[in-house]
Structure formats: C-alpha cells, structure tokens
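Quick notes on the structure that follows.
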Amino acid sequence: MLELAVQLTHSRWRGPGTCHTTSHIQDGRARFGAGSGSRRSGAGSGSGVSGPGPHTLSDPAIAMADGPVAEVLLKRLEAADGGLDSADLAAELGVEHQAVVGAVKSLQALGEIIEAELRSTKRWELTAEGEEIAREGSHEVRVFHSVPPEGLAQSELMRLPSGKVGFSKAMSSKWIRVDKSAADGPRVFRVVNSVEDEVQRRLQLVRSGQAEKLSEKEKSELKKRKLLTEVTLKTYWVSKGSAFSTSVSKQETDLSPEMISSGSWRDRTFKPYNFSAQGILLDSGHLHPLLKVRTQFRQIFLEMGFTEMPTDNFIESSFWNFDALFQPQQHPARDQHDTFFLKDPAEAMQLPMDYVHRVKRTHSQGGYGSQGYKYNWKLDEARKNLLRTHTTAASARALYRLAQKKPFMPAKYFSIDRVFRNETLDATHLAEFHQIEGVVADHGLTLGHLMGVLREFFTKLGITQLRFKPAYNPYTEPSMEVFSYHQGLKKWVEVGNSGLFRPEMLLPMGLPENVSVIAWGLSLERPTMIKYGINNIRELVGHKVNLQMVYDSPLCRLDAEQASPQTQEAA
Numbered sequence: 001m002l003e004l005a006v007q008l009t010h011s012r013w014r015g016p017g018t019c020h021t022t023s024h025i026q027d028g029r030a031r032f033g034a035g036s037g038s039r040r041s042g043a044g045s046g047s048g049v050s051g052p053g054p055h056t057l058s059d060p061a062i063a064m065a066d067g068p069v070a071e072v073l074l075k076r077l078e079a080a081d082g083g084l085d086s087a088d089l090a091a092e093l094g095v096e097h098q099a100v101v102g103a104v105k106s107l108q109a110l111g112e113i114i115e116a117e118l119r120s121t122k123r124w125e126l127t128a129e130g131e132e133i134a135r136e137g138s139h140e141v142r143v144f145h146s147v148p149p150e151g152l153a154q155s156e157l158m159r160l161p162s163g164k165v166g167f168s169k170a171m172s173s174k175w176i177r178v179d180k181s182a183a184d185g186p187r188v189f190r191v192v193n194s195v196e197d198e199v200q201r202r203l204q205l206v207r208s209g210q211a212e213k214l215s216e217k218e219k220s221e222l223k224k225r226k227l228l229t230e231v232t233l234k235t236y237w238v239s240k241g242s243a244f245s246t247s248v249s250k251q252e253t254d255l256s257p258e259m260i261s262s263g264s265w266r267d268r269t270f271k272p273y274n275f276s277a278q279g280i281l282l283d284s285g286h287l288h289p290l291l292k293v294r295t296q297f298r299q300i301f302l303e304m305g306f307t308e309m310p311t312d313n314f315i316e317s318s319f320w321n322f323d324a325l326f327q328p329q330q331h332p333a334r335d336q337h338d339t340f341f342l343k344d345p346a347e348a349m350q351l352p353m354d355y356v357h358r359v360k361r362t363h364s365q366g367g368y369g370s371q372g373y374k375y376n377w378k379l380d381e382a383r384k385n386l387l388r389t390h391t392t393a394a395s396a397r398a399l400y401r402l403a404q405k406k407p408f409m410p411a412k413y414f415s416i417d418r419v420f421r422n423e424t425l426d427a428t429h430l431a432e433f434h435q436i437e438g439v440v441a442d443h444g445l446t447l448g449h450l451m452g453v454l455r456e457f458f459t460k461l462g463i464t465q466l467r468f469k470p471a472y473n474p475y476t477e478p479s480m481e482v483f484s485y486h487q488g489l490k491k492w493v494e495v496g497n498s499g500l501f502r503p504e505m506l507l508p509m510g511l512p513e514n515v516s517v518i519a520w521g522l523s524l525e526r527p528t529m530i531k532y533g534i535n536n537i538r539e540l541v542g543h544k545v546n547l548q549m550v551y552d553s554p555l556c557r558l559d560a561e562q563a564s565p566q567t568q569e570a571a
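Written as structure tokens, this is what we have:
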C-alpha cells in the first residue's frame, strides 16, 4: 500500500504506450477526419503495455463535445509563442466562438493541460438598422436621390420608407430645400448636385472591423442614431499548463476495489484533490438589508459609548409621545390624518401623576422661564393611546428615569426601532419605518457640542462634508437640519435632524437646570436604499419584497473611513 500511495501522489503513466492525435495540420489548415492515428495495445504491437494506455482526444472515454476543435487548439498552442486568443482561433477556423469556448472548458476539466484567462474586450457592432444602411445607404441620401430635378411634393416624399428620418437629416445638411409657395402645396427641391454618403462609409468601416478609424465624435453620433452599439466580448487567452501535452489522458476520479486488486491503479492517472476549492454552502438564514445596515449603525453607537434604550413599546400614550415633549395638544401632528390612534384600549391607565401635573402646568401656565402655551390642557387627551410616531417617546422615558437618579450622572442613549405614521403610501413613504436616534445628557452642553458629536457620528458612516441649517421643532431649541454632499447626485441632501431639548421638556422631569440634552435622528430606510441602489421603498419593505434579493444582497458597509477633519459649514 505504500507503493500505491506513492504512485497516487505522483499520478504518472507507466509503460511505453504512445498516443497520436487524429487531426493533422497540413498547409496551415486542420483536417477534422478520423486520421491515421492509432493506439498501441499489448497484443501484436511488439512493445507490450501493462494496462490501458493514454486516451486520444477522439476517444469516447473523454466524451468531449468539441473534440476536433480541441485537437486543433492543442496543436496550435504547441506551436504558439506564449498563447492564443479564443476569438482569433474561432475566426481562423471559421467556427462559432462558442465551439472554441466549449473546447477550452473541456480541456480545463481534464486537469492542468491548459491555462485559460477570461478577458473582456469592448468592440463596436452595427444594429439591424445600421446593417441596412451599410448595404443600401443612409436615409438622408436615399431621400436626396428620391428628389428629381423638377422637385417632389413634400407630402409624397414623406410617404417614402425613409421619408421622415431622411427629410430632417437632409434638411439639416442643406442638401434640399422646401418651397412653400408652390400651387400644389410645399415642394422639395435639391440644393446640391451630388452628395457623399458619409454615414454609410463609416458603418461599412465598422462592419469590416475598422472601427478604430472613426473618431469618438463620429462613433457617438452613430450610437445616438441607434446605428451602432458597443458590446463586451468575453474571450479566453489560452496558454500551456503545467501538464501540457497534445496526448491527453483521462484522469481517474475514483479508486475502485477492482483497481487495487488487479494492480491497474499503477497505470492510471488520478485527478488530484483541490483542497482550496469551496464546498457547497449550506442553506441558512440571511439578514435583510435593513438589518445589515441597522447592525452597523448599532455598532457605531456602541463604539461611541452609547447605551441602547428599551424601545419595545410600540403602543404609547399621547402623554409620552407628545405632551412630555412640550408639544401642544392642538398641534397638527396629533391629528388623525397623521397619527394612528387605538380604539381598544383607547386610553392609558398608568401615568406618573406628579410628573403629569408639572407638564400640565408648563403647558397651560408656563414656568421654568417660559410663558407656556396658555391653553386648557386636558388629561383625557394625554391618555389617548396611539402607535408611536417617533422613538423620541422612548428618549423622554429614558430621560425621566435618569432624572429620578440622584445625584445626576451624564448619560448617552441611542435607539433604532420602528415608528408609525398615517401617511399616503408611495415609492418613498410607508406607514411603518425605522428611526435612528441619539441622545446625550450632560452639564453645559451647547450647539458646538452637538456639531462635534454629529461630525464624529457621520464620519464613522463615511459622511465627512456636513452643513447645518436652522430649523423648527416643538421640543428642541435651537434646532438644525443636517445636510451632506451627495457625490452621486452632485448636490446637498438632508441626512438628519437635530437640536437641544427645550428646558420646558427637561426641567419638569426633574433634571438639574445646568444639564442640557442634545439629540439627533434620521431614518434607517433612506441610507439603506442609497447603499443598495433601491429606488422604491416597497422593494425593501413589505409583502412584495423579493426574498431572493435578501439572499443575494451582500453584507453592506457604509464606506466608513477615518477621513481627515472637514470644515463644517453652517447654512
């Protein structure tokens, strides 16, 4: 068995058997007949062979679909200096390129006989209309020749097959003119005696493989007229492999008990194992693109030292969703056209009543340096249950819990979860989407701190060019919209909203007066659509999502890079 192992390792032939190909090259041409090649056998040959000798390419054991082409390929490769191109060989043999490609793949399957490098080249080809013009002439020239010396009625000219296209081209070339004063209607006359069909000449150059003689402008004009198209041709550059031979043997893939008992394994070539090949991937779960991007956002927050807020309560009371944020009860956002209110249970049963009374007083009477809204605040309105319209409701709960801890300790919170809006569904809007929110509470925070944190956050996303524009939010003052320069769109686009929470929101919670809270938010769907090239949000979320898209979409990173500091601009 030690000898067996050594022989399998070297995978070499034994015995003096020889092999001749069945194709002969004569006068530079290939003869695809049966030929005179033969394979010696042990009987009557004068040179015995122990076991079967090498297979010829025409041997059925190899089962090569393009055997004759493969034989010629090996012969040409033997004489070639370096290698040869599959397209050139197909043209030389007068066969379809796919026949040569089939031969290349068949030889590749037999081991390291050849090496094949896939190459892509671009070339120009005529369209169907371009082929017609190359044969019969351009539309404008045909129109010109259709106009006799005495002229032709424009209506009659337009009925010709090339009339409409050719008329406008001939007019722009100033080959013809229209006389509108004729008694029988507009009449077309020649302006010049003869014309040269440059369009036909250029197309004939392309058809003969001389497209390089045309300028880029000429090719662009022909392409614009849909007479020319640029195609990508994939070919193989074939060279000799480490086991190159014109006598190709079939490599065994299995070692059978019969081979071992008879000893015939010594005369076989075994295909080596490819230990670097990737095995069949097992079916498994795949993250949705939204979850992939969500994972990266979450990682960025954690790297910056933020703590994730609990956001598992999709149903909120109007108090936490609106009132605690110092948003008046008559605000348009609280209308049924913008918010989903619940019928059952219609009202929240438990609210922190001491805090509720402080919020009521701030709304109706003012306080903490504010005049309030001066209206009759109603508890029944605050108890109404709804599907939360933003995760800022979770931020309000987190800040209230923070305020109850004494002494105050700075904190950084974040959340990424679903919110609900009563909006009209279209390509960019859904009734359910995700909101990303970051909150920092500390002593003496200012607008400058907010800009600095935003800069660090967006830089980790790969967004380095930022602008800030003043905005209005009911519960932040000052407020800013965040814009980034979009390289693809070549313009500034909004990427988020931000601001400092108002004292009327923070002080009723019990936070110290010298504590400020900065916050910002953005959607999860928009950056996901940009990174995955999705134009319609319904292709990303909903019952019409193609599950194959989830399977095919790779893990997407947001081009995060440690860019050099960029000067922030305030709009």
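When we follow UniProt numbering, the leftmost residue of the sequence shown carries the number 1, and every step to the right adds one. The beta carbon of each residue, even a glycine, is placed where N, CA and C say it ideally should be. As the structure is a computational prediction, the values presented were derived from the model and not from experiment.
Supposed close pair residue i, residue j - CB separation, criterion 8 Å
i, j, result
"residue 317", "residue 422", "Contact doesn't hold; Cβ gap of about 17 Å is too wide."
"residue 111", "residue 251", "5 Å"
"residue 420", "residue 389", "7 Å"
"residue 434", "residue 418", "6 Å"
"residue 415", "residue 308", "7 Å"
"residue 294", "residue 524", "6 Å"
"residue 178", "residue 188", "6 Å"
"residue 518", "residue 445", "5 Å"
Three-way DSSP call (helix, strand, coil) for residue i in this model
i, result
"residue 377", "coil"
"residue 163", "helix"
"residue 89", "helix"
"residue 232", "strand"
"residue 128", "helix"
"residue 486", "strand"
"residue 56", "Confidence in residue 56 is poor, its pLDDT being 42 and thus under 50, which makes the residue's placement unreliable; the coordinate value appears in the next sentence. Residue 56: coil per DSSP, three-state reduction."
"residue 147", "coil"
"residue 321", "helix"
"residue 469", "strand"
"residue 78", "helix"
"residue 520", "strand"
"residue 618", "Missing from the structure shown is residue 618; the chain here goes from 1 to 571 and no further."
"residue 492", "strand"
"residue 139", "helix"
"residue 411", "strand"
"residue 350", "coil"
"residue 548", "helix"
Spatially closest choice to residue i from the options, by CA coordinates
i, options, result
"residue 303", "283, 397, 412", "412"
"residue 526", "538, 519, 517, 515", "538"
"residue 78", "242, 469, 487", "242"
"residue 324", "273, 209, 280, 501", "501"
"residue 315", "299, 301, 340", "340"
"residue 104", "94, 115, 95, 128", "115"
"residue 268", "490, 256, 274", "256"
"residue 380", "319, 193, 238, 366", "319"
"residue 176", "152, 465, 277", "152"
"residue 73", "204, 238, 203, 345", "238"
"residue 439", "492, 91, 277, 516", "516"
"residue 382", "173, 94, 398, 360", "360"
"residue 244", "475, 108, 410, 514", "108"
"residue 305", "491, 216, 453, 276", "453"
"residue 450", "476, 345, 87, 378", "476"
"residue 246", "398, 543, 185, 69", "69"
"residue 185", "407, 364, 154, 99", "154"
Proximal residues to residue i (C-beta, below 8 Å), its chain only, five neighbours per side dropped
i, result
"residue 404", "510"
"residue 149", "190"
"residue 497", "471, 473, 479, 480, 481, 482, 520, 521, 522"
"residue 44", "Confidence in residue 44 is poor, its pLDDT being 37 and thus under 50, which makes the residue's placement too unreliable to answer from."
Contacts around residue i, its chain only, beta-carbon distance under 7 Å, and the 5 residues preceding and following it disregarded
i, result
"residue 504", "326, 362, 368, 370"
"residue 207", "126, 134"
"residue 575", "The displayed coordinates of the chain run from 1 to 571. Any statement about residue 575 would go beyond what the structure contains."
Cut-off 6 Å between Cβ atoms - residues of its own chain near residue i, not counting five sequence neighbours on either side
i, result
"residue 400", "509"
"residue 222", "228"
"residue 204", "134"
C-beta neighbour in chain D for residue i, strict 8 Å
i, result
"residue 491", "Structure shown: chain D not included; a single protein chain is present."
Proximity test, residue i beta-carbon vs the ligand HEM heavy atom, cut-off 7 Å
i, result
"residue 299", "In the structure on display, the ligand HEM does not appear, and there are no ligands present to speak of."
Can you confirm whether the stretch 324-339 touches the stretch 279-296 when touching is taken to mean that 3 or more C-beta pairs between the two stretches lie within less than 8 Å?
no
Say whether the stretch 114-128 touches the stretch 225-243, bearing in mind that this needs 3 or more beta-carbon pairs closer than 8 Å, one atom from each stretch.
yes
Do the stretch 458-469 and the stretch 540-555 make contact, defined as three or more Cβ pairs closer than 8 Å?
no
Any chance the stretch 129-148 sits against the stretch 196-210, with 3 or more Cβ pairs inside 8 Å?
yes
Please confirm if the stretch 349-356 is in contact with the stretch 529-546, defined as three or more CB-CB distances below 8 Å between the two stretches.
no
Contact between the stretch 158-165 and the stretch 260-269 (3+ Cβ pairs under 8 Å)
no
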